[in-house]
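Visitor: Dropping the structure in here first, questions after.
In our numbering, the protein residues as written are 385 to 532.
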């Protein structure tokens, strides 16, 4: 029997919910559904509970972007006030802009890392939950479907 992978069962997933650190996955099984459960890490549970990984991360990124823009504006104003509008001020502002760009790149990288971590955690839990109801399904050509 083939190893169960997330890609082989993802089309069977009807719904995913989280309560505390337990993920409940509802799988389509013919004309009905079956549920399996799995334990997950806190950050995965929180992301699922708040509308899913993409929604969760988009909200976090939006809040971070708002704070970052406010801080950047204040910092650039401070630099302009400190160095004035001459050549020194222009150079200092350009250096500050470059630093802000690097910080943005690092934040984007962190976002992608977090998305990967949450996705892997969710997929692992879905496979684990499927393992608890696997007897209701059969594997054909690398894909799983309801028996019968």
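The beta carbon of each residue, even a glycine, is placed where N, CA and C say it ideally should be. Since the structure is predicted, the reported quantities are computational estimates derived from the model, not experimental observations.
With a threshold of 7 Å on Cβ separation, who are the neighbours of residue 503 within its own chain once the five nearest residues in sequence on each side are excluded?
Guide: Result list for residue 503: 437, in chain order.
Visitor: Alpha carbon to alpha carbon, how far is residue 510 from residue 425? Give it in angstroms, no decimals.
Guide: For residue 425 and residue 510, the distance between alpha carbons rounds to 13 Å.
Visitor: Quick check on DSSP: helix, strand or coil for residue 503?
Guide: In the structure shown, residue 503 sits in a helix (DSSP, three-state: H, G or I).
Visitor: Indicate whether residue 499 and residue 441 have their beta-carbon atoms separated by less than 7 Å.
Guide: Going by C-beta atoms, residue 499 is nearer than 7 Å to residue 441.
Visitor: So, is residue 402 buried or exposed, given that buried needs 16 or more other C-beta atoms within 10 angstroms?
Guide: Residue 402 is buried by the Cβ-count criterion.
Visitor: What would DSSP say about residue 387, mapped onto helix, strand or coil?
Guide: Residue 387: coil per DSSP, three-state reduction.
Visitor: State the DSSP-derived secondary structure class of residue 516, mapped to helix, strand or coil.
Guide: In the structure shown, residue 516 sits in coil (DSSP, three-state: anything other than H, G, I, E or B).
Visitor: Please determine if the segment 518-526 and the segment 472-485 are in contact, where contact requires at least 3 C-beta pairs separated by less than 8 Å.
Guide: No: the two stretches stay apart, fewer than three of their Cβ pairs being nearer than 8 Å.
Visitor: Quick check on the burial criterion: 16 or more other C-beta atoms within 10 angstroms. Buried or exposed for residue 420?
Guide: By the neighbour-count rule (16 or more Cβ atoms within 10 Å), residue 420 is buried.
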